[in-house]
Each structure stands twice: as structure tokens, then as C-alpha cells.
Amino acid sequence: MGRPPRNANFRYLWAAQTINRFGYDVATVVIPLFAVQTLRATPGHEPTVDANAA
6 MGRPPRNANF
16 RYLWAAQTIN
26 RFGYDVATVV
36 IPLFAVQTLR
46 ATPGHEPTVD
56 ANAA
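Here the sequence shown is numbered in the numbering used here, starting from 6 and rising by one per residue.
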């Protein structure tokens with residue numbers, strides 16, 4: 006029994022999904038912080054900013 010064959014397409018899919026998830030998680034934090042810092046948004050504006058970011 007040797008190692009199972011490696012599928013390059015699966016590695017590309019896995020890498021793309023990892024990058025996608027990382028970008029989503031970063032954007033979830035960065036966009037509201039950017040709005041608060043740049044636009045001087047109050048915490049009451051955050052739901053609106055979050056809705057526009059999605």
C-alpha cells in the first residue's frame with residue numbers, strides 16, 4: 006500500500022477556498038473598522054455598514 010494519488014485539482018480547490026475564507030474573515034473586520042475610522046460612523050451605523058458590505 007503506497008500513498009494515495011494526489012489530485013492537483015483538489016489542491017487548487019482547497020487553496021482557493023482557503024483564500025476565499027481568509028478574505029471574507031478579513032473583510033468582516035476591516036470594512037466596519039474602515040467606516041468607523043474614515044467616515045466617523047457611530048456604533049449605531051454598524052449594521053448598515055455590515056449590510057452594505059455583504
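Just so you know, even glycine gets a beta-carbon here, dropped at the ideal spot from N, CA and C.
Small disclaimer: the values here were computed from a predicted structure and weren't measured.
- Counted as a single uninterrupted DSSP element, the stretch harbouring residue 44 is not any alpha helix (DSSP H), since DSSP gives it neither H nor E.
- Straight through space, the alpha carbons of residue 25 and residue 49 are spaced by roughly 29 Å.
- In the structure shown, residue 11 falls within a coil segment according to DSSP collapsed to helix, strand and coil.
- Straight-line spacing of the CA atoms in residue 42 and residue 32 works out to 15 Å.
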